[in-house]
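>
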Amino acid sequence: LEEKPAGPLQDIERHKLNAMGAFAEAQTCRRLVLLNYFGEGRQEPCGNCDICLDPPKQYDGLMDARKALSTIYRVNQRFGMGYVVEVLRGANNQRIRDMGHDKLPVYGIGREQSHEHWVSVIRQLIHLGLVTQNIAQHSALQLTEAARPVLRGEVPLQLAVPRIVALKPKAMQKSFGGNYDRKLFAKLRKLRKAIADEENIPPYVVFNDATLIEMAEQSPLTAGEMLSVNGVGTRKLERFGKEFMALIRAHVDGDDE
């Protein structure tokens, strides 16, 4: 059997894996995510990545941010994301009781939101440079200086609506369940590559595979139908929608055979 890595090394590998997942699920500029990961501090959005080109719906996230930051502070900045979310949501478990954190004023202040919601909020705070993860302390969440005015409510803060709220689980399950037109999917990928090559951008900036799979499943032919596909926003519809709908129309009509 392969020997498991030692504790500190295991923590580092786990942190890297979590960081990769967070990058893939990022709802803030991907350049900012990378810069903050390498400790470069807060910068301006790049304006060129897929998030900047088709930004997610925003909401006034100041209250959520203050709740999350307050909870991190109240547990003495010694715990990781999972534990902080449990305190936020008022989880009733032995560890929280043993630590006395069920007596904190922040205990349960976020119970109206889902676990996924708070994970998304905290990840965005990390990407925005308001929170860091201390690898030496098992990825404990810690506040940065930039978090102070947010914690005090002195500055506005817009956050992205967590994708877990916006996406339809049944639609996602269908998309990954194999019930889609594979020939159409192959054509969509070919078109995506052609557009990406022409504009000198990565293919995922056009549409990711999950979005193309859903297109191949639903065969959207109108702007309204295209907007119902997860991953298609107004800006991407304006920029790429016409070519993709034309290809889908030709495929449905059999004109491209």
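Position 146 of the sequence shown, counting from 1, maps to 146 under UniProt numbering, and the rest follow consecutively.
Even glycine gets a Cβ: it sits at the ideal position worked out from N, Cα and C.
1. Does DSSP put GLN113 in a helix, a strand or coil?
2. First and last residue of the alpha helix (DSSP H) that includes LEU247?
3. Nearest-angstrom Cα distance between VAL229 and ALA216?
4. With a threshold of 8 Å on Cβ separation, who are the neighbours of LEU69 within its own chain once the five nearest residues in sequence on each side are excluded?
5. To the nearest angstrom, report how far apart PRO202 and GLY47 are at their CA atoms.
6. Mapping DSSP to helix, strand and coil, what is ALA71?
7. Across which residues does DSSP place LEU218 in a beta bridge pair?
8. Is the CB-CB distance between VAL75 and VAL85 below 8 Å?
9. Quick check: CYS49 and VAL205, are their CB atoms within less than 8 Å of each other?
10. On the three-state DSSP scale, how would you describe LEU128?
11. Classify LYS4: buried if its beta carbon has 16 or more other beta carbons within 10 angstroms, exposed otherwise.
In short:
1. coil
2. DSSP places LEU247 inside the alpha helix (DSSP H), whose first and last residues are 242-253.
3. 10 Å
4. LEU125, LEU130, VAL131, LEU143, ALA147, VAL150 and LEU151
5. 14 Å
6. Looking at the sequence shown, residue 71 is not Ala but Thr. DSSP places THR71 within a helical segment (H, G or I) once states are collapsed to three.
7. Residue identity check: residue 218 is Gln in the sequence provided, not Leu. GLN218 pairs with nothing; no bridge assigned.
8. Not closer than 8 Å, so no.
9. In this structure, VAL205 lies closer than 8 Å to CYS49 by Cβ.
10. coil
11. Residue placement at LYS4 is poorly supported in this model, since its pLDDT is 44, which falls under 50; the coordinates still yield a value, given next. Classification for LYS4: exposed.
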